[in-house]
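These notes are about the structure you will find just below.
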DNA sequence: CTGTTAGCGCGTTCAA
DNA sequence: TTGAACGCGCTAACAG
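Residue numbers (full-length UniProt numbering), protein chains in the order written: chain X, 1 to 331; chain U, 1 to 331.
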C-alpha cells in the first residue's frame with residue numbers, strides 16, 4: 001500500500017529542517033526562530049498537512065477526548081444532560097465519545113474496557129449506579145471520573161436529593177388538600193427509585209396519612225409504564241381512585257396523563273398529577289413537576305471532569321444540585 | 001514517570017513468548033498452538049492486560065470509530081436520528097464520536113479536521129449541506145462519508161423530498177377546505193427551507209390559489225421562531241388571518257400553537273395547524289404533521305457507512321425515504 | 001534555536 | 001508455530 005498521507009517527515013524534508021522543529025511548530029513551542037516557523041507553516045499549508053491525532057495520542061499518552069456514558073438515548077432526561085455536556089465541551093478542543101450501557105450489562109466491566117482502551121482522558125458516567133458495585137478496579141485505574149446523578153464517597157459526584165424531591169411533590173399535593181395519593185415509581189432496581197419511595201413514605205408519615213400498597217406502583221421510568229400504572233389505578237372502583245398522583249418521571253406523568261384523558265377525565269380537576277424532571281415536554285403539556293436541573297448537571301460534570309484531568313482538582317468533588325417545584329396546570 | 005500500564009512486552013515476557021505471538025492471540029490469529037494461546041490468555045487475565053486501542057489504531061491505520069456530525073443537539077429531529085444511529089452502531093464494536101458544527105462555521109474545513117485526525121474510519125454528516133460547498137478536498141480524501149438528510153451526486157446520501165413534503169401539507173389543508181394559508185418557514189439559508197418553499201408554491205399554484213407575501217414567514221426552525229411568526233400573523237386584522245398555517249418544523253408548530261392558545265384561540269377550530277417532522281412532542285400535543293422517518297434515516301445512514309468502510313459498497317448509494325402525513329387534531 | 005534519537009504500544013513481514 | 005525487527009506518526013529529552 002503506497003503511503004498517501006503526508007507525515008511529519010515529508011514536511012521536515014520539504015522545509016529542510018528536522019522533524020523535531022516541525023513538531024515544535026505543531027505544538028506552538030516558543031523556541032523556534034520566527035523565520036523557521038513561518039517557513040514550516042507555509043510548507044504545511046502547501047502540503048495540506050495535519051498531524052495525526054492518533055500518533056499524537058500515542059506519543060503524548062493522552063487523547064483529548066472524554067467518554068460520556070449514558071443508560072439511554074431515548075430518555076429526554078439524558079438528552080438534556082448531554083446538551084449541557086456538549087455545550088461545555090464545545091469551548092475546549094475535546095472530543096466526545098458516546099457510550100451507552102444498558103442496565104442489564106456489567107457496567108464496571110464495560111467501563112473498564114473504556115479505561116483500558118486509552119481512547120479517553122476521562123469519563124463522565126450518568127446515572128450508572130457505580131457506587132454499589134465492585135468499583136475498586138476503576139478507582140485504582142486513576143482514570144479521572146465524574147459520576148453524574150449519583151452520590152458517591154469514592155468518586156467525584158454531582159447529584160440530586162431524591163428523597164427530598166419526592167417529598168416535595170407529596171408535600172405539595174397534601175398542601176393542596178389531597179389525602180389519597182398514589183405514587184407511580186420507577187424500577188426499584190434503580191437507586192433513585194428506592195430513594196424516591198423513601199421520600200414519599202417520609203412525607204406521608206409526616207402528614208400523618210397512610211398510603212395503601214395498591215396506590216404504589218413500580219414499573220419503569222418510561223411513558224408506557226406511567227400509562228399502564230395509571231390504567232391500573234383507574235381500573236379500581238371510582239370510589240377508590242386517588243385524588244392525586246405523583247410520578248417519578250415526567251415521562252411517566254405524560255403516560256398517566258394520556259390514561260386520564262382517555263377516560264374523559266381531566267387533571268387536576270378529576271385527578272391531580274405531578275411529574276418529575278421537568279423535561280421540555282412537561283412545559284408544553286403544562287405538567288406540574290419537580291425540576292432537576294439536568295442541563296446544569298451536564299455542565300458541571302464536564303467542568304469538574306476537565307479540572308480533574310488537568311490536575312487542578314485538589315480533593316474529591318461532591319455537590320448536590322437544588323431541586324425546585326415548577327407549578328403548572330396539572331396539580 | 002514510572003510506567004504503570006502493562007503492555008504487550010510485559011505479557012510476552014511473563015508468558016515466555018515473543019510479542020508477535022501475543023499479538024496473534026489478541027487478534028485471534030489462527031496460527032497459534034492451542035497450548036500457547038491458552039497460556040497467553042491466562043497471563044493476560046492475571047495481569048489484567050488489555051491492548052491499547054490507540055496503539056492498535058496507529059499500527060493498523062484504522063480506528064474502529066466513526067464521526068457523527070450534527071448541526072445541533074437541541075433539536076429533537078437530530079436526537080431522533082441519533083437514536084437510529086446509536087442503535088445500529090451498538091451491534092458493532094464501533095465507537096461513536098459526536099461532533100457539532102454550527103451553521104456559521106466553515107463546515108468543510110471542520111470536517112477535514114476530523115478526516116485528518118485519523119480518529120475515525122468514516123463520517124456520517126447530518127443536514128450539513130456539504131454539496132453546495134467546496135467539497136472536493138473531502139471527496140479526494142477517500143474517507144467513507146454518508147450524507148444524511150441531504151441529496152448528493154457525489155457522496156452517498158439518504159434524504160427526504162422536501163418539495164413533496166411541503167406540498168403534501170398544503171394539499172391536505174386545501175383539501176380540508178382552506179384557502180387562506182400561511183407558511184412559516186425555516187431559515188432560507190438552509191437548502192431544505194428553500195425546497196419546502198418551492199413545495200408550498202407549487203401546491204398553491206396547483207390549486208389555483210394565491211399566497212400573499214405577508215403569509216410567508218421565514219426565521220428559523222425553532223419553537224420561538226414559530227411563536228414569533230404566529231404572533232405576527234395574529235397581529236394582522238382578524239379578517240386577514242389565515243385559516244390554516246403550515247409550519248416547516250414541529251418545533252415551529254409548537255411555538256405557533258402556543259401563540260394561538262395564548263390568544264384564546266384553538267386549533268383547528270380557529271386556525272388549523274400542520275407541522276413537519278413528527279417529533280415525539282408532536283404526538284403528545286396532537287399536532288398533525290408530515291412524518292420524516294428520522295430514526296430510519298439514522299439507521300440506514302450507519303448501515304451504508306459501515307458497508308462503505310468495509311469496502312462492501314460497490315457504487316454510490318442514494319436513497320429517498322418516503323414521507324407521510326400523520327393526521328392528528330390540529331388540522 | 002535545532003537535529004538526533006529513543007520511545008509510545010502494537011501489527012506485520014520475513015526468517016527460522 | 002514462533003520471534004526479531006521494522007514501521008505506524010509523533011513527542012520529548014539530550015546534545016549541539
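Glycine included, each C-beta is placed from N, C-alpha and C at the ideal position.
Fill in: Contacting positions in the stretch 84-98 of chain U - beta carbon closer than 7 Å to chain X
86, 90, 95, 96, 97 and 98
Worksheet item: When the Cβ atoms of the stretch 7-25 of chain X are set against those of the stretch 34-44 of chain X, are three or more pairs found closer than 8 Å?
Response: yes
Worksheet item: Got a sec? Which residues, its chain only, sit under 8 Å from residue 215 (chain U) by beta carbon, not counting five neighbours each side?
Response: 180, 181, 182, 183, 233 and 242
Worksheet item: In this structure, what does DSSP give as the bridge partners for residue 288 (chain X)?
Response: X:274
Worksheet item: Once you ignore the five residues that flank residue 2 (chain U) on each side, which residues in its own chain have a CB closer than 7 Å to its CB?
Response: Because the pLDDT at residue 2 (chain U) is just 33, under 50, the model does not fix this residue reliably, and the value given afterwards should be weighed accordingly. Nothing meets the Cβ criterion.
Worksheet item: Counting only beta-carbon atoms, is residue 72 (chain U) nearer than 7 Å to chain X?
Response: no
Fill in: Closer than 7 Å at the beta carbon, the chain U residues around residue 55 (chain X)
58
Fill in: Reduced DSSP category for residue 135 (chain X) - H, G, I as helix; E, B as strand; rest coil
coil
Practice prompt. Identify, in the order they occur along the chain, each residue of the same chain with its Cβ nearer than 6 Å to the Cβ of residue 155 (chain U), setting aside the five sequence neighbours on each side.
Written response: 145 and 147
Worksheet item: Where residue 201 (chain X) and residue 90 (chain X) are concerned, what is the direct C-alpha to C-alpha distance, given to the nearest angstrom?
Response: 42 Å
Item to complete: Starting from the N-terminal side, write out each stretch of the alpha helix (DSSP H) that is 4 residues or longer and does not extend beyond the stretch 156-186 of chain U.
Response: 162-175
Item to complete: Measure the Cβ-Cβ separation of residue 117 (chain U) and residue 53 (chain X) and say whether it is below 7 Å.
Response: yes
Practice prompt. Give the secondary structure of residue 311 (chain U) by DSSP, where H, G and I count as helix, E and B as strand, and everything else as coil.
Written response: coil
Item to complete: Determine the extent of the beta strand (DSSP E) in which residue 103 (chain X) is found, giving its start and end residues.
Response: Counting along the chain, residue 103 (chain X) falls outside any beta strand (DSSP E), and DSSP gives it neither H nor E.
Worksheet item: When burial is assigned at 16 or more other CB atoms within 10 Å of the CB, is residue 237 (chain U) buried or exposed?
Response: exposed
Worksheet item: Given that residue 116 (chain U) touches chain X, what residues does it touch there, using C-beta distances under 7 Å?
Response: 50
Practice prompt. Count the other CB atoms, across all protein chains shown, that sit within 10 Å of the CB of residue 29 (chain U); report buried if there are 16 or more and exposed otherwise.
Written response: exposed
Discussion item. 7 Å is my cut-off, CB to CB: does residue 281 (chain X) come that close to chain U?
Written reply: yes
Worksheet entry | Contact set for residue 120 (chain U): own chain, Cβ-Cβ below 7 Å, skip 5 residues either direction | 63, 65, 66, 67, 97 and 114
Item to complete: Please check if any C-beta of chain X sits within less than 7 Å of the C-beta of residue 119 (chain U).
Response: yes
Worksheet entry | Sufficient close CB pairs (3 or more, under 8 Å) joining the stretch 241-258 of chain U to the stretch 277-291 of chain U | yes
Worksheet item: Nearest to residue 292 (chain U) by CA position, among U:330, U:307, U:314 and U:159, is which residue?
Response: U:159
Worksheet entry | Three-state secondary structure (DSSP) of residue 215 (chain U) | helix
Worksheet entry | C-beta neighbour in chain U for residue 79 (chain X), strict 7 Å | yes
Worksheet entry | Secondary structure of residue 225 (chain X), DSSP reduced to three states | helix
Item to complete: Determine the chain U residues that contact residue 138 (chain X) at a beta-carbon separation under 8 Å, and present them in chain order.
Response: The contacting residues do not exist; residue 138 (chain X) stays about 12 Å from chain U at best.
Worksheet item: With 7 Å set as the bound, which would you pick, yes or no: does the beta-carbon of residue 42 (chain X) sit closer than that to a beta-carbon of chain U?
Response: no
Item to complete: Closer than 7 Å, Cβ to Cβ, to anything on chain X: give me those residues from the stretch 245-277 of chain U, in chain order.
Response: 254
Item to complete: Quick one: list the residues of chain X neighbouring residue 82 (chain U), beta-carbon separation under 7 Å, in chain order.
Response: 73
Fill in: Exposure of residue 213 (chain U), with buried meaning 16 or more beta-carbon neighbours within 10 Å
exposed
Practice prompt. Can you check DSSP and say which residues form a bridge with residue 117 (chain U)?
Written response: Paired residue(s): none; residue 117 (chain U) is not in a bridge.
Worksheet item: Skipping 5 residues on each side, what residues in its chain have a beta carbon closer than 6 Å to that of residue 174 (chain X)?
Response: 207
Practice prompt. Return the chain-ordered list of same chain residues with a C-beta closer than 7 Å to the C-beta of residue 133 (chain X), the five sequence neighbours on each side being excluded.
Written response: 107 and 108
Discussion item. Let me check understanding here. Comparing Cα to Cα, which of U:281, U:125 and U:249 lies closest to residue 196 (chain U)?
Written reply: U:249
Worksheet item: Is it buried or exposed for residue 177 (chain U), if we count other Cβ within 10 angstroms and need 16 for buried?
Response: exposed
Item to complete: May I have the straight-line CA-CA distance separating residue 59 (chain X) from residue 275 (chain X), to the nearest angstrom?
Response: 50 Å
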